[in-house]
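Beneath this line is the structure, given in structure tokens, with notes to follow.
Numbering (UniProt numbering), first residue to last: 1 to 517.
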């Protein structure tokens, strides 16, 4: 999974560094390169929707391998097929479909494979740190591409070579995935294929050297619910009907808002450095150092988020809300950039952008995990795909909104980056950040410390509970065991929330508890 997210980060961000290379090769203007980025984001959005549907309907593993394979083929096609601007546009669209299609399935598979006490941190770390590593590797690759001493006149490799190099993680991930990735046992149980789920878990135990703890033929507890009888085929209309429609709209719109802020800052900061920084004597080394420092902010932000999402009283929901509010405040503070430029002091510029970028990254990734945990197994990948697609819409809108707001129409020049006025742009990012925080607050559900919902009824029980309850929220399975949860002691609650399956006297083998992931 980490290799796949590294490849996704490299493939999406590589074209942020290639306008000069394309101009040198084809004479392509920088504004035209933006259309290639737009085609990529459009492909990601469409691929996410298709991948989410097929992941719920036909299984996580085949969907994942199909879209990763599509990313491999389309990435390699850039070497010989992309001989013109239109051809490159089409190929990058297909690359986006592949990168977008695997993401919601990968997130669902990761969540469904982890016990609840590790689930949030693993699901946050895999796309977060792996994606950040991919972006760092992309920056290093671009540095090597334009290094005149190492690669004079693109003698060693050109922009096509960069794209092929960015495909290598997908190739490795596909080869390992064919062998190592198993179908989600939870998805198989929901589909009524308990024997396949048991065999898959046994094979996984064999690979881990723990086959004695999960012998072949172990009987798993069935997911029994009348709702599951109608889930042989996934239907999108279930997501667009109450009671799932309201949480879907709230999470998707909030994801759109934070994506506009996150990608908007990525697009706007380099322009600020080129226009405003150059006007005040900032050197190229200063500008490059600022971009690197701001990009690194995602790592500590994700580490802090991994800690706060499991803290009692904070959890996923308040981590996302606090991150969005922090992003909005940082964007407002950045508007005091006049002090930084007048004093030729980069600290006043780096600190708010560092904090804003980190907060936005933490909100974006934690929001993905939070949303996927909220929806039932039968529609989890589809819901994750809609959220990701809305995020890609925000990514596509961000440079457009920033471009028009950065234009000073009084100059009479309507070029995209004619005149920078960060006050208007960063205030816009603040507004979207605060709006996203408000929507998450209104949602009112917390998923930390809870099992993943298998049915719509369980999902609604989580959403309908009051958000300000001080007591620990318990799943329906635990309620059945304890009766009234208010009568249970803290030690009873803590003991029942442990996810490790136990062997019971008199049982044939042991029963894994799918509700206790």
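Note that the Cβ used here is the ideal one computed from N, Cα and C, for glycine as well.
Three-state class that DSSP yields for residue i in the structure shown
i, result
"residue 46", "helix"
"residue 147", "coil"
"residue 327", "helix"
"residue 9", "helix"
"residue 15", "helix"
"residue 446", "coil"
"residue 254", "helix"
"residue 303", "helix"
"residue 84", "coil"
"residue 187", "helix"
"residue 197", "helix"
"residue 414", "Any answer about residue 414 is weak, because its pLDDT of 41 lies below 50 and its placement is not dependable; what the coordinates show is given next. If DSSP states are grouped into helix, strand and coil, residue 414 belongs with coil."
"residue 156", "coil"
"residue 247", "helix"
"residue 214", "coil"
"residue 312", "coil"
"residue 181", "coil"
"residue 59", "coil"
"residue 35", "helix"
"residue 23", "helix"
"residue 399", "helix"
"residue 270", "helix"
"residue 240", "coil"
"residue 1", "coil"
"residue 353", "helix"
Pair within 8 angstroms by beta-carbon distance, residue i and residue j
i, j, result
"residue 203", "residue 269", "no"
"residue 521", "residue 107", "Residue 521 lies beyond the residue range present for the chain, which begins at 1 and ends at 517; the question has no answer from this structure."
"residue 49", "residue 389", "yes"
"residue 180", "residue 263", "no"
"residue 195", "residue 103", "no"
"residue 291", "residue 439", "no"
"residue 391", "residue 256", "yes"
"residue 6", "residue 145", "no"
"residue 64", "residue 109", "yes"
"residue 295", "residue 324", "no"
"residue 316", "residue 366", "yes"
Member of the options whose CA lies at the smallest distance from the CA of residue i
i, options, result
"residue 1", "77, 55, 136 and 127", "127"
"residue 248", "17, 431, 442 and 24", "442"
"residue 51", "37, 317, 66 and 430", "66"
"residue 306", "355, 287, 129 and 192", "129"
"residue 252", "313, 176, 387 and 166", "387"
"residue 265", "36, 361 and 87", "361"
"residue 293", "365, 139 and 120", "139"
"residue 186", "238, 115, 134 and 145", "115"
"residue 375", "182, 238 and 260", "238"
"residue 370", "27, 314 and 198", "314"
"residue 427", "260, 372, 16 and 382", "260"
"residue 131", "29, 14 and 55", "14"
"residue 124", "382, 320 and 379", "320"
"residue 55", "24, 37 and 101", "101"
"residue 289", "162, 143, 154 and 200", "143"
"residue 37", "316, 267 and 271", "267"
Through-space distance from residue j to residue i, alpha-carbon basis
i, j, result
"residue 451", "residue 368", "17 angstroms"
"residue 431", "residue 243", "28 angstroms"
"residue 448", "residue 122", "13 angstroms"
"residue 112", "residue 75", "29 angstroms"
"residue 152", "residue 22", "16 angstroms"
"residue 184", "residue 58", "11 angstroms"
"residue 136", "residue 298", "11 angstroms"
"residue 425", "residue 282", "22 angstroms"
"residue 82", "residue 160", "9 angstroms"
"residue 178", "residue 332", "48 angstroms"
"residue 189", "residue 358", "38 angstroms"
"residue 213", "residue 205", "8 angstroms"
"residue 149", "residue 157", "13 angstroms"
"residue 77", "residue 166", "13 angstroms"
"residue 61", "residue 141", "31 angstroms"
"residue 174", "residue 11", "15 angstroms"
"residue 245", "residue 26", "47 angstroms"
"residue 117", "residue 311", "11 angstroms"
"residue 517", "residue 304", "Note that residue 517 has pLDDT 36, beneath the 50 cutoff, so the model's placement of it is unreliable and no number is given."
"residue 527", "residue 444", "Since the first and last residues shown for the chain are 1 and 517, residue 527 lies out of range."
"residue 33", "residue 87", "13 angstroms"
"residue 381", "residue 191", "14 angstroms"
"residue 429", "residue 400", "13 angstroms"
Neighbour flag for residue i against chain C, beta carbons, 8 angstroms
i, result
"residue 323", "Given the protein chain composition of this structure (a single chain), no chain C is represented."
Handout entry: At least three beta-carbon pairs within less than 8 angstroms, the stretch 165-179 to the stretch 42-49
Key = no
Practice task
Answer yes if the stretch 348-360 comes into contact with the stretch 84-91, meaning at least three C-beta pairs across the two stretches below 8 angstroms, and no otherwise.
Solution key: no
Problem - Segment contact flag, the stretch 316-329 with the stretch 427-435, C-beta cutoff 8 angstroms, min 3 pairs - result: yes
Exercise for the section: Decide if the stretch 96-105 is in contact with the stretch 59-70; the criterion is three or more beta carbon pairs, one per stretch, under 8 angstroms apart. Expected result: yes
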